[in-house]
Amino acid sequence: MARNKAVVPEARAALNSFKLEIANELGLANYDTIDKGNLTSRQNGYVGGYMTKRLVEMAERQMSGGTK
73 MARNKAVVPE
83 ARAALNSFKL
93 EIANELGLAN
103 YDTIDKGNLT
113 SRQNGYVGGY
123 MTKRLVEMAE
133 RQMSGGTK
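According to our numbering, the stretch in the sequence shown is residues 73 to 140, in order.
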C-alpha cells in the first residue's frame with residue numbers, strides 16, 4: 073500500500089487510530105486486519121468520508137473557540 077507523504081509523520085499514528093475508531097463506529101470490526109478488497113467501495117468510502125466529516129467538525133470547533 074502506498075503511503076501518502078503529505079501526512080505529517082507525527083500525525084500518522086493518530087490518524088490510523090482515528091480510522092479504526094470510525095470503522096468500528098460504522099460496524100466494521102477489526103478494520104485493521106480486514107482485507108479491504110473484500111469490502112465494498114461504499115464501505116471503504118464511508119470510513120474516509122466519516123473521517124473527513126469528523127476532522128472538519130473538530131477544526132470548526134477549534135476555530136470557533138470550542139463552543140460548537
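All residues carry an ideal CB built from backbone N, CA and C; glycine is no exception.
Cα-Cα separation between residue i and residue j, rounded to whole angstroms
i           : j           : result
residue 134 : residue 88  : 21 Å
residue 130 : residue 124 : 10 Å
residue 84  : residue 90  : 10 Å
residue 114 : residue 136 : 32 Å
residue 92  : residue 105 : 10 Å
Beta-carbon spacing of residue i, residue j below 8 Å
i           : j           : result
residue 122 : residue 100 : no
residue 94  : residue 119 : yes
residue 103 : residue 96  : yes
Spatial neighbours of residue i in its chain, beta-carbon cut-off 8 Å, leaving aside the 5 residues before and after
i           : result
residue 108 : 116
Own chain, CB closer than 6 Å to residue i, minus 5 neighbours either side, in chain order
i          : result
residue 73 : Confidence at residue 73 is low in this model, with a pLDDT of 49, below 50, so the placement of that residue should be treated as unreliable; the coordinate-derived value is given next. Same-chain partners within the cutoff: there are none.
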